[in-house]
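Top to bottom, those sequences are chains A and B.
Residues 55 to 193, numbered by the working numbering, are exactly what the first sequence covers, in order.
Residues 24 to 637, numbered by the working numbering, are exactly what the second sequence covers, in order.
Yeah, the Cβ is synthetic: ideal placement off N, Cα and C, and Gly gets one too.
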Amino acid sequence: MHEVKILLIEDNDGDIVLTLEALYDARLKNEVKVIKDGAAAIEFFASATKEELPDLILLDINLPKIDGKEVLQYVKSNPELKRIPVVMLTTSSAQSDITDSYNGHANCYITKPVDLNKFFDLVKVIEDFWITIVKLPGK
Amino acid sequence: MKLPATYPDILVKSGACFFLALNEAGELLFANDYFRNIFSPPDLPVKFSDLVQQGGDALVLKAIDEVLHHPVASAPFELVLRKKDGTTVHTQWEMHRPTPGSLPGEVQAIGTIQSAPATHQPLMSDQDNRIVSEERITRVLESISDGFFRLDVNYNILYWNYKAEEVFRVKREEIIGRNFWEQYKEALSLQFYPGFKEAFSKHASVHFQEYFPPLQIWFDVNAYWFDDVLSVFFTDITEKKKSDQEVRTINERLKVVEKATKDVIWDWDLVNNRVIWNDNVMSMFGYVPENVNGNTRWWFDNLHPDDRKRVIGNLKRHIREQLVNWQNEYRFRCANGAYKYVYDRGFAIYAQSQRPSRMIGTMQDLTERKASEFILKKLNNSLEKRAKELAASNDELERFAYVTSHDLQEPLRMVTSFLQLLQKRYRDKLDAKAHEYIGFAVDGAERMKGLILDLLEYSRVNTNKSELEQVDLNEVAANVLLTYKQLLSETDGSIDITSLPMIKGNRTQLTQLLQNLIGNALKYRRAEPPRIQVTVEEHPQEFEFAVIDNGIGIEERFYHKIFVIFQRLHHKNEYSGTGIGLAICKKIIEKHGGRIWVESEPGEGSTFYFTLPK
């Protein structure tokens, strides 16, 4: 099995560390790339080669400059990118954020649990589901 | 025959008067048709004397002589004339001197048939004449709208006309021949007796008005004496008397009202443009009424210049459109130069020409009311402003509570998460003390999380009217019971809920309300099994609910404290909770337009009352 590429778009250093720790705990061998704002994410997508594109995108909503919803729109309107699963991973439980995300074709929307162990479990579930269980179209 | 233009048309065409033109010799020059039809003289001119009986021609010539040669305008004379059928008739005449434009030496005679038979022997028999004239008189007496009767000198009734039958409600057959005073004894003591008596004794006519109680009628009576017979004409004037009395009463009342009211009363004759003001112009404005009565100029001049155009325009339009009730508010200058606010109301009366003939009205002093209105308005404005500010600050507070509680969660999550990560990753490297300290920190963060979530919940209790629906509180209570089913069986407790009404409200919030109250009743229980009762009492405007428990109770001095957010009466080791439950209940109740309060006996139990409008 090849190394799984995960792109984490998140501006909060604490959350970055927690997510990386959780992924580190997971069984799968993975390579995680972190981008800390929306503008940088779009720049990356624009210049990335096919090999550099991730297998899964974990996307926060509250991002500086360009927010997560706009990044989602960019990804889902680009023919090369739109098949990559996008998991909205955010602290917001606002109904408008949830609706907007699904309208923008997010693959799923998850609110970060406050408890650490629950968060670790969640990250494991995400990785299991999208990397191991689900058959993806491939590059 | 040629008619000179000077003969008056009315006489020429008359069907009741003879009209003749004669020369000095007494020859007829002209006779009108009425004369010719009755007497049919041969072709004119003809000697008047040919028609005259018993040497009447001398009387004719004498009359002609008088008007022609003596300074009299007319001369009367009587003649018996022979009609064309050979019978004779008694006539009365007046000879008139010639009018300008008539032929020289011409005189004119105007005559009529004498209605009453003269003392001379008439050709018609007395009886015939009497029948004819009585018939005529009877016809007249029966057709007139006046009541009429005749009395002889002993007050026996000789005649009783149709109208009299109607008014006295007695037929002539029943009353003719009877004595008037025997029939109407009541009239003896009234004006009737002296009136009639006077007419008989003085051979005169009398007139009086008198009320006749048996018939409840006011009579206007004219009695004429003639030859020891009294002819009595009477009219029923009860209605007129009544309306006269009414007018008098109204006038008297008006005078009292004028004295009683402080309002100025005015009466404007629009035809002559004259206004009368009552005495109150003195007390209200300080003017002497006599000095201001007159045309409308005084009123016009004292209108406030800023109001004048509006008021006059309004009044003119009112009159033009023939409206009746006019009213306006304006400022009016007093004698001392100050202005008073007045409320002026007028009533317009339009004549048949549809032009206004008169307006009557009152002016009311509004100055004091205006002043208090002004103060009230100011007060209202500031109240409104304060209410708006309060609403704004309330909204802000709620938004603040929502935002802060939301944003506070984020760093708190970090604190909790990294403490837990520390425990997870460095479990083996930390000693027992370090683990204890981390435990305190995690516990503190947990409690803070609880507070923040409560705050969020509290700030979300914000009912919009659109969210209101008909809620069956029995359903709500059943749901709440389900929530506490386990706790109830664990504590061996019981809840007794009476039949509850339907309420217009927010279902979620009402559920939360009952859940909090029943939850509290279970939570603050004593050692014995909790007994809880939910009751309702219907009032005209609202329902009053009570949640009664047999728990630990609350001291009276804490009654208010328990409804304040985050206020707790107990140490968190005794009873868990942040102290938000009752604060949320209070907010829900207030959002629904009700009240909530508590009555309690420490150690016995508490009763939480709340009301919800119908």
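Item: Output the distance between the C-alpha atoms of R331 of chain B and L338 of chain B, rounded to the nearest integer angstrom.; Value: 11 Å
Item: Could you tell me which residues DSSP puts in a beta bridge with V141 of chain A?; Value: A:L112, A:C162
Item: Excluding the 5 residues flanking V244 of chain B on each side, which residues of the same chain have their C-beta closer than 6 Å to its C-beta?; Value: F231, F257
Item: Spatial neighbours of I520 of chain B within its chain, please: CB distance less than 6 Å, with the 5 preceding and 5 following residues excluded, ordered by chain position.; Value: A500, V557
Item: With H, G and I counted as helix, E and B as strand and the rest as coil, what does DSSP make of S629 of chain B?; Value: strand
Item: Along chain A, in chain order, which residues have C-beta atoms closer than 7 Å to that of K614 of chain B?; Value: Near K614 of chain B there are no residues of chain A at all, since even the closest Cβ is about 21 Å away, more than 7 Å.
Item: Going straight from the alpha carbon of L479 of chain B to that of F183 of chain A, what length do you get?; Value: 33 Å
Item: Helix, strand or coil, according to DSSP, for G49 of chain B in the structure here?; Value: coil
Item: Give the DSSP bridge partners of L253 of chain B, in chain order.; Value: B:L174, B:W248
Item: Considering D388 of chain B, what are the terminal residues of the beta strand (DSSP E) in which it resides?; Value: 379-388
Item: Excluding the 5 residues preceding and the 5 following H143 of chain B in the sequence, name in chain order all residues of the same chain whose CB lies nearer than 8 Å to its CB.; Value: Because H143 of chain B carries a pLDDT of 42, less than 50, the predicted location of this residue cannot be relied on, and no value is offered for it.
Item: Would you mind reading off the limits of the beta strand (DSSP E) that contains D367 of chain B?; Value: 362-373
Item: Counting only beta-carbon separations shorter than 8 Å, does V88 of chain A have a partner in chain B?; Value: no
Item: Do you know how far the Cα of I87 of chain B is from the Cα of P193 of chain B?; Value: The sequence as given places Val at residue 193 of chain B; Pro does not occur at that position. So the two alpha carbons sit approximately 56 Å from each other.
Item: D286 of chain B: buried (16+ other C-beta within 10 angstroms of its C-beta) or exposed?; Value: buried
Item: What span of residues does the beta strand (DSSP E) with S146 of chain A cover, start to end?; Value: Neither: S146 of chain A is in no beta strand (DSSP E) and is coded neither H nor E.
Item: Can you name the residues of chain A whose CB is closer than 7 Å to the CB of E433 of chain B?; Value: T145
Item: With 9 Å as the limit, tell me which residues of the segment 470-487 of chain B have their beta carbon closer than that to any beta carbon of chain A; keep them in chain order.; Value: K472
Item: The alpha helix (DSSP H) that contains H615 of chain B, what's its start and end?; Value: That residue, H615 of chain B, is in no alpha helix (DSSP H); it is neither H nor E in DSSP.
Item: Taking just the CA atoms, how far does E344 of chain B sit from P312 of chain B?; Value: 31 Å
Item: In whole angstroms, what is the alpha-carbon distance linking Q493 of chain B and V621 of chain B?; Value: 27 Å
Item: So G200 of chain B and K186 of chain B are supposed to be a Cβ contact under 8 Å. How far apart are they, rounded?; Value: No, G200 of chain B and K186 of chain B are not in contact; Cβ-Cβ is about 19 Å, not under 8 Å.
Item: Give the residues of chain A in contact with T439 of chain B, contact being defined as C-beta atoms less than 9 Å apart.; Value: V168, D169, L170
Item: Pull out every residue of the segment 402-424 of chain B whose Cβ sits closer than 8 Å to any Cβ of chain A, in chain order.; Value: none
Item: Any beta carbon of chain B sitting closer than 8 Å to that of G92 of chain A?; Value: no
Item: Exposed or buried, T534 of chain B, counting other C-beta atoms within 10 Å across all chains shown (16 or more means buried)?; Value: buried
Item: Verify whether the separation of the beta carbon atoms of R356 of chain B and Y362 of chain B is less than 8 Å.; Value: yes
Item: Taking all protein chains shown into account, do 16 or more other C-beta atoms lie within 10 angstroms of the C-beta of D454 of chain B, making it buried, or fewer, making it exposed?; Value: exposed
Item: Could you tell me whether the Cβ of L444 of chain B comes closer than 8 Å to any Cβ of chain A?; Value: yes
Item: Determine whether the Cβ of R340 of chain B lies closer than 8 Å to any Cβ atom of chain A.; Value: no
Item: Given that a residue counts as buried once 16 or more other Cβ atoms are within 10 Å of its Cβ, and exposed if not, what is N301 of chain B?; Value: buried
Item: Give the interface partners of G68 of chain A over in chain B, defined as CB-CB distance under 8 Å, in chain order.; Value: M437, S440, F441
Item: Step through the CB atoms of chain B and report whether any lies within less than 8 Å of the CB of E75 of chain A.; Value: yes
Item: For I555 of chain B, report the span of its beta strand (DSSP E) as first-last.; Value: 554-561
Item: Within 10 angstroms of its Cβ, does P563 of chain B collect 16 or more other Cβ (buried), or is it exposed?; Value: exposed
Item: Rounded to whole angstroms, how far is the Cβ of C162 of chain A from the Cβ of V188 of chain A, which I believe are closer than 8 Å?; Value: Contact doesn't hold; Cβ gap of about 11 Å is too wide.
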